[in-house]
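Numbering (our numbering), first residue to last: 2 to 266.
Quick reminder that beta carbons are idealized off the backbone N, C-alpha and C, glycines included.
Quick notes on the structure that follows.
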């Protein structure tokens, strides 16, 4: 039996969900994806859970989508695009975003190392983000010829404004943690290695609050009911599928993988 790729640990009213596949930088794919969805959707239905922490095992939060598998698909199916691969990923990506924004419990994201692609999406969909001051926030979608997805094109401009969101996504430059704090992308910086501990402390504080009022406040702030989120998620999905089937993506992906820059993006 394959080992679990997502761990859910409960300590009192706080649940910590850990993406646990460090060999792929906790990449989002059709193996980790359904386990992450199951964990988050399950917690949303647990009245005894008052706050949730989301983090990644090993040195990184998540490297995003599993690009190595996409490259293997292209090698095995010459002349075909990688749309089917990303279609599989996105089936779970969309449900993760909906779970994070829709669950009644506040979600605290603990970020160490790389937070690329979908990692940025998880940050934007969480209620609080604590980030190590040496973390690497990488909106790396366009670098491999893909399109931002998982609600990023809706959440990011509403948070930082259209001009800054355009700069971040179209240029794809790394976002330094102090800059992320200044822009409101994260709520606090931590020393390296301390993000999870401090996120759990914040979650304990939140769990001690009035649960019904907290859930109502989250709902009223509009993340779950934000107009257009469902439609935007679907529009992003279609755009990613089209981009993944284009030869430009195949060229950029091969270049990325050949550089040995990593397995995920």
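Distance CB(residue i)-CB(residue j) smaller than 7 Å
{"i": "residue 268", "j": "residue 233", "result": "Residue 268 lies beyond the range of the chain shown here (2 to 266); nothing can be said about it."}
{"i": "residue 181", "j": "residue 14", "result": "no"}
{"i": "residue 117", "j": "residue 65", "result": "yes"}
{"i": "residue 134", "j": "residue 178", "result": "yes"}
{"i": "residue 245", "j": "residue 82", "result": "yes"}
{"i": "residue 35", "j": "residue 93", "result": "yes"}
{"i": "residue 114", "j": "residue 61", "result": "yes"}
{"i": "residue 57", "j": "residue 104", "result": "no"}
{"i": "residue 119", "j": "residue 152", "result": "no"}
{"i": "residue 238", "j": "residue 91", "result": "yes"}
{"i": "residue 86", "j": "residue 78", "result": "no"}
{"i": "residue 173", "j": "residue 140", "result": "yes"}
{"i": "residue 253", "j": "residue 146", "result": "yes"}
{"i": "residue 63", "j": "residue 131", "result": "no"}
C-alpha distance - residue i paired with residue j, whole-angstrom precision
{"i": "residue 150", "j": "residue 101", "result": "15 Å"}
{"i": "residue 84", "j": "residue 243", "result": "7 Å"}
{"i": "residue 25", "j": "residue 59", "result": "10 Å"}
{"i": "residue 125", "j": "residue 163", "result": "15 Å"}
{"i": "residue 7", "j": "residue 248", "result": "33 Å"}
{"i": "residue 23", "j": "residue 89", "result": "21 Å"}
{"i": "residue 193", "j": "residue 44", "result": "28 Å"}
{"i": "residue 168", "j": "residue 148", "result": "14 Å"}
{"i": "residue 12", "j": "residue 76", "result": "45 Å"}
{"i": "residue 260", "j": "residue 221", "result": "46 Å"}
{"i": "residue 219", "j": "residue 46", "result": "16 Å"}
{"i": "residue 138", "j": "residue 166", "result": "14 Å"}
{"i": "residue 196", "j": "residue 251", "result": "36 Å"}
{"i": "residue 201", "j": "residue 170", "result": "30 Å"}
{"i": "residue 265", "j": "residue 136", "result": "Model confidence at residue 265 stands at a pLDDT of 41, short of 50, so the residue's coordinates are unreliable; what they give is reported in the following sentence. Their Cα atoms are separated by approximately 16 Å."}
{"i": "residue 258", "j": "residue 144", "result": "12 Å"}
{"i": "residue 42", "j": "residue 17", "result": "13 Å"}
{"i": "residue 70", "j": "residue 205", "result": "38 Å"}
{"i": "residue 216", "j": "residue 72", "result": "42 Å"}
{"i": "residue 214", "j": "residue 80", "result": "54 Å"}
{"i": "residue 223", "j": "residue 38", "result": "21 Å"}
{"i": "residue 262", "j": "residue 112", "result": "Unreliable placement is indicated for residue 262, whose pLDDT of 46 sits below 50; no coordinate value is reported for it."}
{"i": "residue 236", "j": "residue 187", "result": "26 Å"}
{"i": "residue 3", "j": "residue 10", "result": "19 Å"}
Residue i beta carbon near the ligand GTP (any heavy atom closer than 6 Å)
{"i": "residue 45", "result": "As for the ligand GTP, it is missing from this structure, which has no ligand bound."}
Opposing strand residues paired with residue i [DSSP bridges]
{"i": "residue 44", "result": "Paired residues: none, contrary to the question."}
{"i": "residue 20", "result": "7 and 57"}
{"i": "residue 127", "result": "According to DSSP, residue 127 bridges with nothing at all."}
{"i": "residue 109", "result": "54 and 129"}
{"i": "residue 31", "result": "The partner list for residue 31 (beta bridge, DSSP) is empty, contrary to what the question assumes."}
{"i": "residue 151", "result": "Answer is none; residue 151 lacks a bridge partner."}
{"i": "residue 180", "result": "Bridge partners of residue 180: none, in fact."}
{"i": "residue 12", "result": "15"}
{"i": "residue 117", "result": "139"}
request  = Report yes or no: do the stretch 105–125 and the stretch 47–67 share at least 3 C-beta pairs separated by less than 8 Å?
outcome  = yes
message = When you compare the stretch 23–41 with the stretch 88–102, are there three or more beta-carbon pairs, one atom per stretch, that lie closer than 8 Å?
response = yes
query = What alpha helix (DSSP H) runs, 4 residues minimum, are completely inside the stretch 185–261?
reply = 196–208, 212–222, 230–245 and 248–260
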